[in-house]
Amino acid sequence: MLFQNLKRIACAVLALAGPSLLSEGAPSKPLELREVLKAAAQIDQLLEEDLKANKLQPLPIVSEDTFVRRTYLNIVGRIPTAMEASRFLDDKTPDKRTRLIEQLISSPGYNSSAFNYFADLLRLQTNEEQYGLGWHVWLRNSLASGKPWNKIVHEMLSAEGHTSKNPAVGYYLRDRGMLLDNVSNTVQVFLGHQIGCAQCHDHPFDSWTQMEYYEMAAFSGGIAYRSDEARQLVNKVAEHSRKNHPGMNRAFKSKNKSTRAKARGNLFRRITGEMRYLLRYFNRNEIVESRGQELKLPDDYQYKDAEPGEAVKPATLFGIQASDVNPEDRRRVFADWVTGDDNPYFAKVIANRLWRRTFGHGLVDPVDDWSDKLKGSHPEVL
Numbered sequence: 164m165l166f167q168n169l170k171r172i173a174c175a176v177l178a179l180a181g182p183s184l185l186s187e188g189a190p191s192k193p194l195e196l197r198e199v200l201k202a203a204a205q206i207d208q209l210l211e212e213d214l215k216a217n218k219l220q221p222l223p224i225v226s227e228d229t230f231v232r233r234t235y236l237n238i239v240g241r242i243p244t245a246m247e248a249s250r251f252l253d254d255k256t257p258d259k260r261t262r263l264i265e266q267l268i269s270s271p272g273y274n275s276s277a278f279n280y281f282a283d284l285l286r287l288q289t290n291e292e293q294y295g296l297g298w299h300v301w302l303r304n305s306l307a308s309g310k311p312w313n314k315i316v317h318e319m320l321s322a323e324g325h326t327s328k329n330p331a332v333g334y335y336l337r338d339r340g341m342l343l344d345n346v347s348n349t350v351q352v353f354l355g356h357q358i359g360c361a362q363c364h365d366h367p368f369d370s371w372t373q374m375e376y377y378e379m380a381a382f383s384g385g386i387a388y389r390s391d392e393a394r395q396l397v398n399k400v401a402e403h404s405r406k407n408h409p410g411m412n413r414a415f416k417s418k419n420k421s422t423r424a425k426a427r428g429n430l431f432r433r434i435t436g437e438m439r440y441l442l443r444y445f446n447r448n449e450i451v452e453s454r455g456q457e458l459k460l461p462d463d464y465q466y467k468d469a470e471p472g473e474a475v476k477p478a479t480l481f482g483i484q485a486s487d488v489n490p491e492d493r494r495r496v497f498a499d500w501v502t503g504d505d506n507p508y509f510a511k512v513i514a515n516r517l518w519r520r521t522f523g524h525g526l527v528d529p530v531d532d533w534s535d536k537l538k539g540s541h542p543e544v545l
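Under the working numbering, the first residue of the sequence shown carries the number 164, and numbering increases by one thereafter.
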């Protein structure tokens with residue numbers, strides 16, 4: 164009974180993680196109780212051994228009123244109502260704590276609380292649609308349906324198209340025109356490393372070089388904020404206008420090359436002017452992968468391993484290395500690497516974030532500034 168309280172809390176942490184921490188190959192359903200209890204027992208044993216080694220005693224099991232308040236705050240993000248608290252306190256059954264956790268995990272309040280947490284993590288705002296139509300709805304539905312976390316992240320990192328068809332592109336629209344900021348944020352949020360310093364020079368505290376930073380960023384170097392669908396529509400409208408405008412049609416058939424070019428330019432400018440609002444709407448809500456577009460080193464690059472302005476080939480920072488990546492596959496390969504089972508940080512970082520969300524302090528702290536030298540308080544738990 165010594166660690167009954169820790170076991171309950173460990174179960175709560177695993178419950179908070181829920182099906183969204185399952186691997187993509189696993190069924191998207193809540194963890195079975197036996198799996199939760201087995202994992203909780205392993206965590207209990209590790210923590211018990213640590214306490215004994217440091218000659219410490221665990222705190223006593225919290226009172227019923229403290230438990231109900233903390234449980235509501237941790238799982239649904241609010242304190243219980245007077246009626247909810249009284250219902251729990253008046254319950255005399257021995258398993259009421261377990262049942263309360265299960266009840267709250269299955270409630271709409273948990274879905275809302277989980278969404279708020281991950282929306283903050285992803286810097287997603289719901290008060291205006293500047294990050295693409297429907298991204299927040301897609302995220303809320305993904306979490307509520309139990310979509311695995313690695314699948315959610317993979318869909319965001321590899322997303323392209325218009326938000327009406329693929330709302331996950333909001334992850335890139337959020338940082339429209341700020342590719343390097345997006346890369347730094349991606350590595351910090353999902354892999355727990357702050358590599359931003361290497362954008363301008365070799366990292367002063369970690370091993371990342373500026374070249375390695377740009378090689379990582381090169382996976383997203385083909386992103387273009389435009390709508391090919393809108394451009395195709397403009398061309399169709401222009402062709403229709405040409406065929407139905409005698410004077411314009413004659414200019415297009417002129418033997419004079421300059422006359423034909425001028426006619427095309429005038430027609431395109433007129434059509435795009437008339438459709439500018441449509442074009443602006445589509446361009447601000449869509450991204451495409453531009454095959455011929457590559458990321459280049461900055462003009463003030465000063466290291467001897469390359470020249471300023473030189474195009475950079477994609478390469479990963481650690482783990483399995485990707486080489487000879489086809490231009491159209493760059494972000495898919497990047498998403499595979501970030502969320503893959505072989506990535507040494509992805510699963511640990513989200514587990515550590517959820518641990519901190521529950522206990523107020525991560526097993527590795529800060530949660531987004533890991534390094535090879537930072538082992539954390541209980542690395543074996545992770």
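Ideal placement from N, C-alpha and C gives every residue a C-beta, glycine not left out. This one's a predicted model, so the numbers in the text were calculated from it and none came from an experiment.
- Counting only runs that start and end inside the stretch 338–372, the alpha helix (DSSP H) elements of at least 4 residues fall at 342–354.
- In the DSSP assignment, ILE206 falls within the alpha helix (DSSP H) that extends over 196–216.
- Under DSSP, the beta-bridge partners assigned to HIS325 are GLU449.
- The secondary-structure analysis by DSSP pairs ILE386 across a beta bridge with GLU452.
- Your pair TRP371 and ILE358 checks out as a contact, with CB atoms roughly 5 Å apart and the cut at 8 Å.
- The beta-carbon distance between VAL316 and GLY324, rounded to whole angstroms, is 18 Å. This is too long to meet the 8 Å contact definition.
- ALA469 sits in coil when the DSSP states are folded into three classes, being neither helix nor strand.
- Between ASP344 and LEU460, the alpha-carbon positions lie close to 15 Å from each other.
- Bridge partners of LYS459 according to DSSP: ALA474.
- For the 8 Å CB-CB criterion, LEU236 and ARG494 do not form a contact.
- By the CB criterion at 8 Å, VAL231 and PHE251 fall inside the cutoff.
- Annotation: ASP487 to TYR376 spans about 18 Å, alpha carbon to alpha carbon.
- Under the DSSP assignment, GLU265 falls in the alpha helix (DSSP H) whose first and last residues are 259–268.
- The residue among ASN279, ASP468, ILE242, MET374 with its C-alpha nearest the C-alpha of THR479 is MET374.
- Taking TYR273 as reference, the option from ASP254, ALA307, THR289 with the minimal CA-CA separation is ALA307.
- With fewer than 16 other CB atoms across the displayed protein chains lying within 10 angstroms of its CB, HIS524 is exposed.
- Using a Cβ-Cβ distance cut-off of 8 Å, the stretch 462–471 and the stretch 270–286 are not in contact, since fewer than three pairs of beta carbons, one from each stretch, lie closer than that value.
- Between PHE522 and GLU473, the alpha-carbon positions lie close to 47 Å from each other.
- Relative to the Cα of VAL530, the nearest Cα in the group VAL544, GLU543, LYS511, LYS536 belongs to LYS511.
- Counting only residues of its own chain and dropping the five nearest sequence neighbours on each side, PRO330 has a CB closer than 6 Å to the CB of GLY297, TRP298, TRP301.
- Annotation for ASP228: no residue places its beta carbon closer than 6 Å to its own, counting only its chain and skipping 5 residues before and after.
- Separation of the CB atoms of ILE238 and ILE268 is rounded to 6 Å, and the pair is thereby assigned contact status at 8 Å.
- PHE497 counts as buried, since at least 16 other C-beta atoms from the protein chains shown sit within 10 angstroms of its C-beta.
- Put simply, the backbone Cα of ALA202 is about 35 Å away from that of MET379.
- No Cβ-Cβ contact shorter than 8 Å links ASN304 with GLY240.
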